[in-house]
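A.B. asks: To start, I am sharing the structure in question, which I have written as structure tokens.
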Amino acid sequence: LADEVIVMSGRPATVQYSQTLPQRGPRSLDQLYTPEATDMLNILREQIKIARQGEEPGA
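Number 45 in the working numbering belongs to position 30 of the sequence shown; there are no gaps in the numbering.
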């Protein structure tokens, strides 16, 4: 739904990763299943995983 996706790090929060999506505006469900969209989702999942590893326990 957004035109840009930002992954924040753990505390103190900083921008860890930023990605501007290639197609702006409303997108169809079919666009979510293209190889490009799948690749982007995999990158985002990896970046979120990295951000979570940097968090302090109990934070």
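Backbone N, C-alpha and C define an ideal beta-carbon position, used for all residues, glycine too.
Bridge partners for residue 77 per DSSP, in chain order?
C.D. replies: Given that the chain is displayed from residue 16 to residue 74, the structure contains no residue 77 and the question cannot be resolved.
A.B. asks: Go to residue 53, then tell me how far its alpha helix (DSSP H) extends in each direction, as first and last residue.
C.D. replies: Here residue 53 refers to the residue found at position 38 when the sequence shown is read from its first residue. Counting along the chain, the alpha helix (DSSP H) containing residue 53 begins and ends at 50 to 68.
A.B. asks: Count the other CB atoms, across all protein chains shown, that sit within 10 Å of the CB of residue 62; report buried if there are 16 or more and exposed otherwise.
C.D. replies: Locating residue 62 in the sequence shown gives position 47, counting from the first residue. The residue is buried, with at least 16 neighbouring Cβ atoms inside 10 Å.
A.B. asks: Count the C-beta pairs between the region 51 to 70 and the region 21 to 35 that are closer than 8 Å, then say yes if the count reaches three, no if not.
C.D. replies: Yes, since at least three Cβ pairs between the region 51 to 70 and the region 21 to 35 fall closer than 8 Å, the two stretches touch.
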